[in-house]
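A quick write-up on the structure given underneath.
In my numbering, the protein residues as written are 129 to 192.
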């Protein structure tokens, strides 16, 4: 099922790819989640983003 993501999502994804530290990456991922529409076609993608956020948060807490 297509996700039909808006152009702002792809801008946020670009910011995620360009982010250097975990805090910037988490902020970009949260922006992607906020922009993404919520419907049946995006459930899997939303879960992947939440998992990435959890992984980055856990890794940054271990370093601190």
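The beta carbon of each residue, even a glycine, is placed where N, CA and C say it ideally should be.
Integer-rounded CB distance, given that residue 137 should sit under 8 Å from residue 164: 6 Å
Exposure of residue 153, with buried meaning 16 or more beta-carbon neighbours within 10 Å: buried
Where residue 156 falls, given that 16 or more other Cβ within 10 Å makes a residue buried: buried
For residue 187, three-class secondary structure by DSSP: In this structure, residue 187 counts as helix in the three-state DSSP scheme.
C-beta atoms of residue 147 and residue 160 nearer than 8 Å: no
Straight-line gap, residue 130 to residue 181 (C-alpha atoms, nearest Å): 23 Å
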